[in-house]
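Novice:
Residue numbers (our numbering): 3 to 155.
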(Lines of atoms letter the chains of each structure in order from A and count residues from 1; the text may use other names and numbers.)
(Lines give C-alpha, C1' and ligand atoms only; values in the text may rest on other atoms or scores of the structure.)
Protein backbone atom coordinates (compact mmCIF):
# COMPACT_ATOMS: atom_id res chain seq x y z
CA UNK A 1 0.00 0.00 0.00
CA UNK A 2 1.21 3.50 -0.85
CA UNK A 3 2.44 5.00 2.47
CA UNK A 4 1.71 8.61 1.43
CA UNK A 5 -1.85 7.73 0.39
CA UNK A 6 -2.37 5.87 3.67
CA UNK A 7 -1.25 8.92 5.68
CA UNK A 8 -3.46 11.20 3.58
CA UNK A 9 -6.46 8.95 4.15
CA UNK A 10 -5.85 8.82 7.91
CA UNK A 11 -5.61 12.62 8.04
CA UNK A 12 -8.75 12.95 5.90
CA UNK A 13 -10.73 10.64 8.19
CA UNK A 14 -9.59 12.55 11.28
CA UNK A 15 -10.66 15.88 9.76
CA UNK A 16 -13.99 14.45 8.55
CA UNK A 17 -14.75 13.08 12.03
CA UNK A 18 -13.87 16.42 13.60
CA UNK A 19 -16.07 18.36 11.17
CA UNK A 20 -18.94 15.91 11.72
CA UNK A 21 -18.58 16.37 15.48
CA UNK A 22 -19.02 20.12 14.97
CA UNK A 23 -22.01 19.52 12.71
CA UNK A 24 -23.68 17.21 15.26
CA UNK A 25 -23.13 19.65 18.11
CA UNK A 26 -24.02 22.84 16.26
CA UNK A 27 -27.18 24.66 17.08
CA UNK A 28 -29.86 23.77 19.57
CA UNK A 29 -31.06 20.18 19.70
CA UNK A 30 -34.55 19.58 18.38
CA UNK A 31 -37.32 19.34 20.95
CA UNK A 32 -38.41 16.79 21.88
CA UNK A 33 -34.97 15.21 22.18
CA UNK A 34 -34.57 12.90 19.21
CA UNK A 35 -31.78 10.62 18.09
CA UNK A 36 -29.75 11.64 15.01
CA UNK A 37 -31.37 8.86 12.92
CA UNK A 38 -34.83 10.11 13.93
CA UNK A 39 -33.94 13.69 12.96
CA UNK A 40 -32.57 12.44 9.63
CA UNK A 41 -35.75 10.44 9.12
CA UNK A 42 -37.93 13.48 9.82
CA UNK A 43 -35.99 15.60 7.33
CA UNK A 44 -36.29 12.84 4.71
CA UNK A 45 -40.04 12.48 5.25
CA UNK A 46 -40.43 16.26 5.27
CA UNK A 47 -38.99 16.60 1.76
CA UNK A 48 -42.05 14.84 0.34
CA UNK A 49 -45.42 16.60 0.56
CA UNK A 50 -47.31 13.44 -0.44
CA UNK A 51 -45.41 11.30 2.07
CA UNK A 52 -43.21 8.25 1.59
CA UNK A 53 -43.79 4.55 2.05
CA UNK A 54 -41.51 2.77 4.52
CA UNK A 55 -39.98 0.90 1.58
CA UNK A 56 -39.20 4.12 -0.34
CA UNK A 57 -37.77 5.72 2.77
CA UNK A 58 -35.67 2.64 3.54
CA UNK A 59 -34.27 2.72 -0.01
CA UNK A 60 -33.39 6.41 0.24
CA UNK A 61 -31.64 5.92 3.57
CA UNK A 62 -30.05 2.55 2.73
CA UNK A 63 -31.64 0.74 5.66
CA UNK A 64 -34.25 -2.00 6.00
CA UNK A 65 -37.98 -1.26 6.17
CA UNK A 66 -37.86 -2.85 9.64
CA UNK A 67 -35.39 -0.23 10.79
CA UNK A 68 -37.68 2.49 9.46
CA UNK A 69 -40.60 1.06 11.44
CA UNK A 70 -38.44 0.91 14.57
CA UNK A 71 -37.57 4.63 14.28
CA UNK A 72 -41.02 5.77 13.08
CA UNK A 73 -43.10 4.21 15.87
CA UNK A 74 -41.80 6.62 18.56
CA UNK A 75 -42.23 9.56 16.14
CA UNK A 76 -45.88 8.58 15.67
CA UNK A 77 -46.29 8.36 19.46
CA UNK A 78 -44.78 11.87 19.80
CA UNK A 79 -47.25 13.21 17.25
CA UNK A 80 -44.55 14.11 14.72
CA UNK A 81 -45.38 11.54 12.01
CA UNK A 82 -48.68 10.09 10.80
CA UNK A 83 -49.37 6.99 8.75
CA UNK A 84 -51.91 7.53 5.98
CA UNK A 85 -53.25 5.18 3.36
CA UNK A 86 -52.30 5.83 -0.24
CA UNK A 87 -55.39 6.97 -2.19
CA UNK A 88 -54.19 5.09 -5.30
CA UNK A 89 -53.06 1.83 -3.67
CA UNK A 90 -54.67 0.51 -0.49
CA UNK A 91 -51.64 -1.70 0.21
CA UNK A 92 -49.33 1.30 0.68
CA UNK A 93 -49.09 3.31 3.89
CA UNK A 94 -47.45 6.71 3.52
CA UNK A 95 -45.47 8.41 6.26
CA UNK A 96 -46.03 12.16 6.57
CA UNK A 97 -44.99 14.85 8.99
CA UNK A 98 -47.75 16.32 11.12
CA UNK A 99 -48.34 20.06 10.87
CA UNK A 100 -46.78 20.39 14.34
CA UNK A 101 -43.64 18.62 13.11
CA UNK A 102 -43.48 20.71 9.91
CA UNK A 103 -43.60 23.96 11.89
CA UNK A 104 -41.17 22.78 14.54
CA UNK A 105 -38.64 21.31 12.14
CA UNK A 106 -38.71 24.24 9.73
CA UNK A 107 -37.48 26.39 12.62
CA UNK A 108 -34.90 23.72 13.52
CA UNK A 109 -33.81 23.48 9.85
CA UNK A 110 -33.24 27.23 9.69
CA UNK A 111 -31.20 27.17 12.91
CA UNK A 112 -29.25 24.14 11.67
CA UNK A 113 -28.48 25.84 8.34
CA UNK A 114 -27.27 28.96 10.18
CA UNK A 115 -24.87 26.70 12.11
CA UNK A 116 -23.73 25.06 8.86
CA UNK A 117 -22.99 28.49 7.39
CA UNK A 118 -20.71 29.17 10.37
CA UNK A 119 -18.92 25.81 10.16
CA UNK A 120 -18.29 26.09 6.40
CA UNK A 121 -17.65 29.85 6.25
CA UNK A 122 -13.91 29.16 5.80
CA UNK A 123 -14.67 27.76 2.33
CA UNK A 124 -15.47 29.87 -0.70
CA UNK A 125 -18.50 28.86 -2.78
CA UNK A 126 -16.11 27.38 -5.36
CA UNK A 127 -14.32 25.32 -2.68
CA UNK A 128 -17.63 24.18 -1.25
CA UNK A 129 -18.75 23.14 -4.76
CA UNK A 130 -15.50 21.17 -5.18
CA UNK A 131 -16.10 19.40 -1.87
CA UNK A 132 -19.68 18.57 -2.86
CA UNK A 133 -18.51 17.29 -6.24
CA UNK A 134 -15.82 15.07 -4.69
CA UNK A 135 -18.13 13.62 -2.06
CA UNK A 136 -20.85 13.04 -4.65
CA UNK A 137 -18.30 11.21 -6.82
CA UNK A 138 -17.43 8.91 -3.92
CA UNK A 139 -21.08 8.45 -2.97
CA UNK A 140 -22.10 7.61 -6.53
CA UNK A 141 -19.30 5.09 -6.92
CA UNK A 142 -20.22 3.28 -3.73
CA UNK A 143 -23.95 3.44 -4.45
CA UNK A 144 -23.62 1.54 -7.71
CA UNK A 145 -25.25 -1.82 -7.16
CA UNK A 146 -23.59 -4.95 -8.42
CA UNK A 147 -20.53 -3.22 -9.83
CA UNK A 148 -17.59 -4.18 -7.63
CA UNK A 149 -14.93 -3.75 -10.30
CA UNK A 150 -15.12 0.02 -10.74
CA UNK A 151 -11.80 1.48 -11.91
CA UNK A 152 -10.18 4.51 -10.24
CA UNK A 153 -10.73 7.65 -12.27
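Note that the Cβ used here is the ideal one computed from N, Cα and C, for glycine as well.
Computed from a predicted structure; not experimentally measured.
Just to check, is the beta-carbon of residue 19 closer than 7 angstroms to a non-hydrogen atom of the ligand ATP?
Specialist: Summarising the ligand content, the structure contains no ligands, and the ligand ATP is consequently not present.
Novice: So which of 88, 96, 41, 126 has the shortest CA-CA distance to residue 77?
Specialist: Here the closest residue by C-alpha is 41.
Novice: Could you spell out the range, first to last residue, of the beta strand (DSSP E) harbouring residue 87?
Specialist: It spans 83 to 87 - the beta strand (DSSP E) in which residue 87 sits, taken as one unbroken run.
Novice: With residue 94 as the anchor, note down where its beta strand (DSSP E) starts and where it stops.
Specialist: Premise fails: residue 94 is in no beta strand (DSSP E) and is neither H nor E.
Novice: Express the C-alpha separation of residue 22 and residue 116 in angstroms, rounding to a whole number.
Specialist: Approximately 16 angstroms, taken between the alpha carbons.
Novice: I'd like to check one pair, residue 99 with residue 85: are the Cβ atoms closer than 8 angstroms?
Specialist: Cβ distance not < 8 angstroms, so residue 85 and residue 99 don't count as in contact.
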